[in-house]
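S.K.: Residue numbers (our numbering): 10 to 596.
Please read through the structure below; I'll follow up with questions.
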C-alpha cells in the first residue's frame, strides 16, 4: 500500500472476502508483498487489523514453518508501546493473524511529509521505543527489522509493529541461504556481516532512527541500501561522523552506534537517557507531536470509527429470470481443508447476512450476528492508553535477495501464534429464517438455572511493576500467572502496568444474582481494555462494585471488589482485592 494519496482506509473491493474465520471485514488497511490487511472488530467492538497471507506463500512449506515460528515469537511479546497479536490461524488454507489496530501515522510517512521532530519529541519517541524493546527482549525475541516504517505515531505515543520477521533468540535461523532478514539502512554491523545477532542489534537500529528523527539525516549517508549496509559493516574501522548532530543528541548516538554490541546501552539505560533529554515524563503525551501530525492522527482515528462502504461483491454470471427477493449471502474467502479444532472460547465478530450491508456506527458498530461460516475467535488485547491500538504486525520481511516493500501505514504487521492448535471459534449459528424466528411453542425455555462451581474465593488482581510482564488470570481455576505465561485461550483478565484487559465482554452487575450478572454482560458491557484514565480515583471500578464476565470455558464469573489499591503513579492502573463466585451456566 502506497501513501501517495495519504489514504487512511479504502473500501473493500468486489473481490475481497467479507469474512475471515468469523471476523467481519470492514475496510482495507493496506496490501504488501506477503498479503492484504483488513480492518475488523472483535465481538467487544474493539478494532483489529487482520492480515491474510497470499496463497502462493501459504502453499510454500518453508514459508509456513517460518510464519509459525514468527507467530510464536510475537505471542510472547506484550508490554508498553507494543501492538499485541490477539488471534491467528497458522494451520488453515490461508494463514492469517489479527493484532490490535492503531490508527496512527507511520514514522517514515510523518518524517517524509512533515520533516524531523523537535528534540524533546525525538527523545520521547526514542525513549518509548526503548521501553518497547525492553518488552521484546524480555520475551527472548529480537525484532531484527526496527526502522521508521515499523514505528507508528499515535495520540498515546509511539508503538512498535512488524514482528513478522522478529525471531526468538533461541529459534532456528530464519534467513534463506545467502540472504539476510532485515533492512540494510537499519542493520547493525554484526547483522550486516551475517554474524549471530543479540538484542543489541535493535539498539543500534534505534540509534540510527534517533539520528533520522531528530535531523532527517542518516549517519551513513543517503546511498543505496546495500551501499549503506557495507558502510555499517565497516563501522569498527570507520565509524560514522557524528559531529554535525545536535550536542544533546550526540552522546546517545555514540553509545547506540558503537561497533561493539557490548558497549551499547540496554533499553532501560536508553529509556532514562531519553527521559532526561525530553525534559518530561515519557508517558506524558499531551501535545507531544506537532499540530499537523496530531491532526492527521485524529483524522485516522475518525476514519477507523466510520470505515468506507465496501464495493458490491461480484454477482453470479447468469441472467436472472425474476427479481430476487433478497440479497444473496457471500461466502468467506476460503474454507478450512479439515474440520476445525474444538473451540477454546466464544467466537468473536462474524459476517453480516447481507454482504453489502454496513454496520451501524455510532462510535462502534452494533454487535454482529453469527455467520454459518465463522470460524475464528480471538481475545482482544488492546494496547494501553486511550488509543485502542489497532495495529497489526505484518509478516513481511526485507531480504537482500527478495524484499517486501510494505509501508508502516500497513500497520497490521504483527504475527502471533499458539504453540499447539490455533484458536478457532465455535461453529457459528445459522442466521434464522423468518419462520424459524417466529414465536413457537417448541422454542427452548430461557436460561434460568445456574450451578455454583465455587463461591467467595479471594483473588488479588495486582498490576505488575514497570517493565514487568503481564499478570494473567484464569477465573475457571482460579489461577494467576505473574509471568504472563497463560495461553491466550484461557486468559479471562490480563493486567499490565497501565492496562486492564478483559478477554470477553465484562460488565458491572446491579445485583448479586447470576441472572442479573449475565444480563449486564449481555446488555451493558464495558470496554475490553481500560486504562488509567478510566480507573484512577475509582472512576469506573470502585469498592463494592460487582464485575461480571463469561469465562473462556463458558462459565459465569462475578468479582466483587472488596478493596481498591491505588497505584504509586497516576499513569498506572490500580490493583484490586476481589471475592469471586463462579457459576456453571445452564445448557
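Even glycine gets a Cβ: it sits at the ideal position worked out from N, Cα and C.
Where residue 312 and residue 109 are concerned, what is the direct C-alpha to C-alpha distance, given to the nearest angstrom?
M.R.: As a working mapping, residue 312 is identified with position 303 in the chain shown. As a working mapping, residue 109 is identified with position 100 in the chain shown. Residue 312 and residue 109: Cα-Cα distance of roughly 16 Å.
S.K.: For residue 262 and residue 240, what's the separation of their Cα atoms in angstroms?
M.R.: Numbered from its first residue, the chain shown carries residue 262 at position 253. Numbered from its first residue, the chain shown carries residue 240 at position 231. Taking the straight line from one Cα to the other gives about 16 Å.
S.K.: Can you tell me whether residue 23 is buried or exposed? The criterion is at least 16 other CB atoms within 10 Å of its CB, across all chains shown.
M.R.: On the chain shown, residue 23 is found 14 positions in, with the first residue counted as 1. Looking at its Cβ environment, which holds fewer than 16 other Cβ atoms inside 10 Å, residue 23 is exposed.
S.K.: In the DSSP assignment, what are the bridge partners of residue 466?
M.R.: If you number the chain shown from 1, residue 466 lands on position 457. DSSP lists 589 as partners of residue 466.
S.K.: Nearest by alpha-carbon distance to residue 120: which of 223, 577, 470 and 465 is it?
M.R.: Here residue 120 refers to the residue found at position 111 of the chain shown. Selected option, being the one with the closest Cα: 223.
S.K.: Reducing DSSP to helix, strand and coil, say where residue 188 ends up.
M.R.: To locate residue 188, count along the chain shown from 1; it is residue 179. Interpretation of residue 188 is limited by its pLDDT of 43, a score under 50 that renders its predicted location unreliable; the figure taken from the coordinates is listed afterwards. Here residue 188 sits in coil by DSSP.
S.K.: Quick one: any contact between the stretch 284-293 and the stretch 122-142, if contact means 3 or more CB pairs under 8 Å?
M.R.: Flag = yes, the stretch 284-293 and the stretch 122-142 touch.
S.K.: Using a 10 Å radius around the Cβ and a threshold of 16 neighbouring Cβ atoms, would you call residue 460 buried or exposed?
M.R.: The residue given as residue 460 occupies position 451 in the chain shown. By the neighbour-count rule (16 or more Cβ atoms within 10 Å), residue 460 is not buried but exposed.
S.K.: Ignore the nearest five residues each way along the sequence and tell me which others in residue 480's own chain have a CB closer than 6 Å to its CB.
M.R.: Taking the chain shown and counting its residues from 1, one reaches residue 480 at position 471. Contacts found: 473, 491 and 504.
S.K.: Using the C-alpha atoms, what's the distance from residue 291 back to residue 572?
M.R.: Residue 572 sits at position 563 when you count from the first residue of the chain shown. Residue 291 sits at position 282 when you count from the first residue of the chain shown. Answer to the nearest angstrom: the Cα atoms are 30 Å apart.
S.K.: For residue 536 and residue 152, what's the separation of their Cα atoms in angstroms?
M.R.: What you label residue 536 is simply residue 527 of the chain shown in a count that begins at 1. What you label residue 152 is simply residue 143 of the chain shown in a count that begins at 1. Using only the alpha carbons, I get a separation of about 30 Å.
S.K.: Can the beta-carbon of residue 146 be found closer than 8 Å to that of residue 277?
M.R.: As a working mapping, residue 146 is identified with position 137 in the chain shown. As a working mapping, residue 277 is identified with position 268 in the chain shown. No, the pair does not count as a contact, with Cβ atoms beyond the cut-off.
S.K.: With a 10 Å radius around its C-beta and 16 neighbouring C-beta atoms as the bar for buried, classify residue 519 as buried or exposed.
M.R.: In the chain shown, counting from the first residue as 1, residue 519 sits at position 510. Classification of residue 519: exposed, given that the 10 Å Cβ count is below 16.
S.K.: What is the C-beta distance between residue 234 and residue 194, in whole angstroms, given that I count them as a contact (C-beta under 8 Å)?
M.R.: Along the chain shown, one-based indexing puts residue 234 at 225. Along the chain shown, one-based indexing puts residue 194 at 185. 6 Å between Cβ atoms; contact.
S.K.: Kindly list the residues whose CB is nearer than 7 Å to the CB of residue 138, restricted to its own chain and excluding five residues on each side of it in sequence; keep chain order.
M.R.: In the chain shown, the residue the question calls residue 138 occupies position 129. So the list reads 90, 160, 167, 169 and 215, once near-sequence residues are dropped.
S.K.: Alpha helix (DSSP H) containing residue 86: first to last residue?
M.R.: Here residue 86 is taken as the residue at index 77 of the chain shown, counted from 1. Note, residue 86: premise wrong, no alpha helix (DSSP H); not H, not E.
S.K.: Locate the alpha helix (DSSP H) running through residue 479, then write down its first and last residues.
M.R.: Working through the chain shown from its first residue, we reach residue 479 at position 470. Counting along the chain, residue 479 falls outside any alpha helix (DSSP H), and DSSP gives it neither H nor E.
S.K.: Check the DSSP bridge columns for residue 460 and list the partner residues they point to.
M.R.: If you number the chain shown from 1, residue 460 lands on position 451. Paired residue(s): 593.
S.K.: Under three-state DSSP, which class holds residue 77?
M.R.: In the chain shown, the residue the question calls residue 77 occupies position 68. Residue 77: helix per DSSP, three-state reduction.
S.K.: Can you confirm whether the stretch 73-81 touches the stretch 94-102 when touching is taken to mean that 3 or more C-beta pairs between the two stretches lie within less than 8 Å?
M.R.: In short, these stretches touch, since the Cβ pair count reaches three.
S.K.: When you compare each of 55, 75, 60 and 157 to residue 25 by their alpha carbons, which one comes out closest?
M.R.: Taking the first residue of the chain shown as position 1, residue 25 is located at position 16. When only C-alpha atoms are compared, the closest one is 60.
S.K.: Since residue 514 is in the beta strand (DSSP E), which residue starts that stretch and which ends it?
M.R.: Against the chain shown, residue 514 aligns to sequence position 505. Note, residue 514: premise wrong, no beta strand (DSSP E); not H, not E.
S.K.: Reducing DSSP to helix, strand and coil, say where residue 555 ends up.
M.R.: Translated into positions along the chain shown, residue 555 becomes position 546. Of the three classes helix, strand and coil, the one that applies to residue 555 here is strand, per DSSP.
S.K.: Between the Cα of residue 270 and the Cα atoms of 303, 209 and 590, which residue gives the shortest distance?
M.R.: The residue given as residue 270 occupies position 261 in the chain shown. When only C-alpha atoms are compared, the closest one is 209.
S.K.: Can you pull the DSSP bridge partners for residue 538?
M.R.: Sequence index remark: in the chain shown, residue 538 carries index 529 (1-based). Paired residues: 510.
S.K.: If we ignore side chains and look at the alpha-carbon of each, how far apart do residue 33 and residue 264 end up?
M.R.: Here residue 33 refers to the residue found at position 24 when the chain shown is read from its first residue. Here residue 264 refers to the residue found at position 255 when the chain shown is read from its first residue. For residue 33 and residue 264, the distance between alpha carbons rounds to 47 Å.
S.K.: Taking its Cβ as the centre, do 16 or more other Cβ atoms sit within 10 Å of residue 574, making it buried, or is it exposed?
M.R.: Here residue 574 refers to the residue found at position 565 of the chain shown. It counts as exposed.
S.K.: Helix or strand or just coil, what does DSSP make of residue 208?
M.R.: Numbered from 1 along the chain shown, position 199 holds the residue referred to as residue 208. Here residue 208 sits in coil by DSSP.
S.K.: Using a threshold of 8 Å, state whether the C-beta atoms of residue 155 and residue 211 are closer than that.
M.R.: The count along the chain shown starts at 1 and reaches residue 155 at position 146. The count along the chain shown starts at 1 and reaches residue 211 at position 202. Closer than 8 Å, so yes.
S.K.: Assuming residue 558 contacts residue 496 (C-beta within less than 8 Å), just tell me the rounded distance between them.
M.R.: To locate residue 558, count along the chain shown from 1; it is residue 549. To locate residue 496, count along the chain shown from 1; it is residue 487. About 18 Å; that fails the 8 Å criterion.
S.K.: Determine whether the beta carbon atoms of residue 220 and residue 254 lie at a separation below 8 Å.
M.R.: As a working note, residue 220 is residue 211 in the chain shown. As a working note, residue 254 is residue 245 in the chain shown. The answer is yes: Cβ separation under 8 Å.
S.K.: For residue 560, tell me which candidate among 227, 550, 296 and 488 has the shortest Cα-Cα distance.
M.R.: In the chain shown, counting from the first residue as 1, residue 560 sits at position 551. Closest by alpha carbon: 488.
S.K.: Can you grab the Cα-Cα spacing for the pair residue 165 / residue 458, in whole Å?
M.R.: Against the chain shown, residue 165 aligns to sequence position 156. Against the chain shown, residue 458 aligns to sequence position 449. Taking the straight line joining both Cα atoms gives about 44 Å.
S.K.: Could you check if residue 114 is buried or exposed, using at least 16 other CB atoms within 10 Å of its CB as the buried criterion?
M.R.: As a first step, residue 114 must be located in the chain shown, where it is residue number 105. Classification of residue 114: buried, given that the 10 Å Cβ count is 16 or more.
S.K.: Identify the continuous beta strand (DSSP E) that holds residue 489 and give its terminal residues.
M.R.: Residue numbering aside, residue 489 sits at position 480 when the chain shown is read from its first letter. Residues 488-490.
S.K.: DSSP on residue 167, reduced to helix/strand/coil?
M.R.: Here residue 167 refers to the residue found at position 158 of the chain shown. Strand.
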